[in-house]
């Protein structure tokens, strides 16, 4: 399947804008300023939740639900749970003991605003909140308890010791000294890929997908996650980091190993194109071609170069 | 109901020893050394999981299941999930940015052994693991998806922003300057009480309890949680901290406000006795009087003074 095929076409930029707004509305509703006591917890969590993220994971979740014919707005609580976990991981990654970043997307990081202890607790609160959102009434009523429970398990596995958290530990332990492609790929697969894959998968799962559809979404998610990471590395080198919201050049400053550093820029771009094609290829399992997921992969990866 | 009534009697010390061993066996099985990659994650998590805790929360969960006539060993995965969350909270509390403790139960704290970044990630991993254990096959097969899902929600609420994490934030913000009893009680209710209450409640819920039984367990858990905290404060002053596994005198060193500091030692002991009586009173709703829960409350609170 070529990158330009697919019956229906979706305007990815418009799709992302529309659903980012819906996700933010829902987050604002589910995690309100007066969400409970102590109120400072909600200020800390909201400070980072509403710091200008692109809502990529929630949008992939929504598109996953759509791909299986589910009602996309019914998975919004799960989409928000994904964003809570992504946000907590950024707060903890920025801590002095980790990457020690003072700014993210141009704003002071959580620990610069609230102090280190409160930032740790704010991250802990967001991680825990994700599982409250997953099991709130809205989610269970639409997806049913079996699928909701499997969704919780999918989310916990992707975010946990063998997924995102494990990847972050590998990254820290490698300390910029990753020397071979399999090691780099493993770090990224766990640190970033697992949550991207889970985002698409959970959308399909909670949207009522069949086992075959779920396998296709898992394949798409794996390839898309890898593609996004390669592009992220390329953008970091090329100085256009608008998409991922990071300051540019930071990876090189910190001597982190990236795809361009390991393979060169041209080969990295070629890899990004190839795995994107593989991601879109997995969507052949869907009758309509899952145009939103195809458009998202194309948009995020290919419009850049 | 007097503290000494109750048809059947349970030997609390033997009960705790028996079930602590079963909990440790199950933890060892569910979180094995070769649990996955990166293997260091499992070393970090197990270092703190097997550092000599009394397994109070898991045992209360088991006793809650027994109280409603459920099979106690079927709730063991949830009991282990409670212990994972308790353990993560200790790792994060000990961090330099929080209480800055170098030792816990005579062993170097996680960040002293693995470094601060790895300790943060180890805590994050344990918190996430709790939700994997809650939604693993063993749990769902025995309790069914509806009750399992409600168990996840109960756990997340107790551990989260308005529960344990929120209580820890209040404690840090108070910085030893708590001046009135309601404030002290609120901090403890969130920081310690919420998880104690959830432990008993989840046992009853996953063990198949009726709504009336669940309310009785919630009342018992609230009162028992408060009683345990008062006793913890008293033991800290009196120098016998074996039960809670803390080094003694630390609260006074750090100028934390405690029940004895606020009310005096005698009045604190009287309070502990009174709320324990209230906890046991709540068990009148059970035909057999829930002898294990009654014995646990008596044992933990009253044998001390």
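Protein chains in written order, with our numbering: chain C, 1468 to 1772; chain E, 1468 to 1772.
The beta carbon of each residue, even a glycine, is placed where N, CA and C say it ideally should be.
Keep in mind the model is a prediction, meaning the values are calculated, not measured.
The beta carbon of residue 1536(C) is closer than 8 Å to those of 1674, 1675 in its chain, skipping five residues each way along the sequence. Contact annotation, residue 1528(E) with residue 1666(E): C-beta distance approximately 5 Å; criterion of less than 8 Å satisfied.
Inter-residue distance for residue 1566(E) and residue 1684(E) is about 32 Å (C-alpha atoms, whole angstroms). Ranked by Cα distance from residue 1663(C), the options 1768(C), 1703(C), 1739(C), 1553(C) are led by 1553(C). Contact of residue 1767(E) with chain C is not assigned, every C-beta pair being separated by 8 Å or more. Counting only runs of 4 or more residues that sit fully inside the segment 1532-1563 of chain C, the alpha helix (DSSP H) segments are 1543-1561, in chain order.
Per the coordinates, the alpha-carbon of residue 1761(C) lies some 28 Å from the alpha-carbon of residue 1650(C). At least one beta carbon of chain C lies nearer than 8 Å to the beta carbon of residue 1503(E). Residue 1557(C) has its alpha-carbon roughly 22 Å from the corresponding atom of residue 1768(C). A residue is called buried when at least 16 other Cβ atoms come within 10 angstroms of its Cβ; residue 1644(E) does not meet this threshold and is exposed. Not one beta carbon of chain E lies nearer than 8 Å to the beta carbon of residue 1745(C). Here the alpha carbon of residue 1606(E) sits roughly 15 Å from the alpha carbon of residue 1623(C). In the DSSP assignment, residue 1571(E) is bridged to 1574(E). Within the model, the alpha-carbon separation for residue 1735(E) versus residue 1656(C) is close to 54 Å.
Contact note: residue 1696(E) does not reach chain C at a C-beta cutoff of 8 Å; the least C-beta distance is about 18 Å. Residue range 1631-1641 is occupied by the alpha helix (DSSP H) that includes residue 1638(E). In chain C, no part has a C-beta under 7 Å from the C-beta of residue 1641(E); the shortest such distance is about 11 Å. CA-CA distance, residue 1670(E) to residue 1531(E), rounds to 4 Å. Taking the C-beta atoms as reference points, residue 1732(C) is found no nearer than 8 Å to residue 1627(E). Nearest in C-alpha terms to residue 1757(E), of all of 1688(E), 1726(E), 1705(E), 1703(E), is 1688(E). A straight line joining the alpha-carbon of residue 1680(E) with that of residue 1491(C) spans about 39 Å. The beta carbon of residue 1493(C) lies closer than 8 Å to those of 1543, 1544, 1546, 1547 in the same chain, with the five residues before and after it left out.
For residue 1591(C), the chain E residues whose Cβ falls inside 7 Å of its Cβ are 1559, 1594, 1632, in order along the chain. When 8 Å is used as the limit between beta carbons, residue 1587(E) is near these residues of chain C: 1559, 1562, 1564, 1565, 1587, in chain order.
In summary, the residues of the segment 1607-1619 of chain E whose CB is separated from some CB of chain C by less than 7 Å are 1607, 1612, 1613, 1615, 1616, 1619, in the order they occur in the chain. Boundaries of the alpha helix (DSSP H) around residue 1737(C): 1732-1749. Exposure of residue 1517(C) is indicated by the presence of fewer than 16 other C-beta atoms within 10 angstroms of its C-beta. For residue 1644(C), the secondary structure class from DSSP, reduced to helix, strand or coil, is coil. For residue 1608(E), the three-state secondary structure derived from DSSP is helix. Rounded to the nearest angstrom, the gap between the Cα atoms of residue 1741(C) and residue 1728(C) is 19 Å.
In the structure shown, residue 1602(C) adopts coil according to DSSP, grouped into three states. Around the CB of residue 1520(E), 16 or more other CB atoms lie within 10 Å, so the residue is classed as buried.
At a C-beta separation below 7 Å, residue 1627(E) has these neighbours in chain C: 1592, 1595, 1596, 1599.
In summary, residue 1476(E) is exposed, with fewer than 16 beta-carbon neighbours lying within 10 Å of its beta-carbon over all protein chains present. Counting of Cβ neighbours within 10 angstroms places residue 1634(C) among the buried residues, the total reaching 16 or more. Distances from the alpha-carbon of residue 1616(E) to those of 1602(E), 1483(E), 1608(E) put 1602(E) closest.
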